[in-house]
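**Student:**
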Amino acid sequence: MTKFGAIYLSYSRDQFDIDEINNIASILVKEGYQFPVRYHQETPWIQLYVNEPEKVISYGKKIAQIFPNQKILGLAAYTVSDSVSFCYFQGKQVIRLLQSGFITERQWEKIEGKKQPWEDKILNKLTLEIGTKGMVSYNINQIGVLLNLPGFGIPQPGEPWTIQISH
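Going by my numbering, the sequence shown opens with residue 1, and the numbers climb by one from there.
(1) Nearest CA to the CA of W108: which residue from I122, P117, S85?
(2) Can Y8 and L75 be called in contact, C-beta distance under 9 Å?
(3) Per DSSP, what kind of secondary structure is Y59 in: helix, strand or coil?
(4) Ordered along the chain, which non-local residues of its own chain (more than five positions away) have a Cβ less than 7 Å from that of F4?
(5) Would DSSP call I103 helix, strand or coil?
(6) Within its chain, find whatever has a CB closer than 7 Å to the CB of E114; leave out the 5 residues flanking it on each side and keep chain order.
(7) Using the Cα positions of Q41 and P150, report the straight-line distance between them to the nearest angstrom.
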């Protein structure tokens, strides 16, 4: 059984500044969120690790309102029930929201917003492979690699996937 939940907050990689990331972590703490905050300098995203995959969408919506000028992505999976969700917010606007298996096993429960260019390639395949051992994890990994999210892909030798900020 594997479970994974993370929210990704965009930041300007052109002006990478550890102080900016620390400031974001501090704002989240002030708002009552104690998520582990991780980043990787090669990606334009900060990862907020969420230990409750079923809450990624609701947390993503709240964080999008705290940081209305940032893009917010949420990605979650719970392999024991083949559950998967993806959300993409900017401020109060839902760009895309997909959820399968968190309420009704192996069924798309929520579909909102504009279809993303990579969806057919990955999510149609995921739907066909639900119930096949390891495929939910594999396809979540494919989404992470495709979107260049921290913690996905193969790190360079001697390089950590992510660096965690303590707050």
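Each residue gets a CB set at the ideal place from its N, CA and C atoms; glycine is no exception.
**Tutor:** Let me spell this out:
(1) S85
(2) yes
(3) helix
(4) P53, A76, A77, I140
(5) coil
(6) Position check: residue 114 holds Lys in this sequence, whereas Glu was assumed. So the qualifying residues of the chain are I95, R96.
(7) 9 Å
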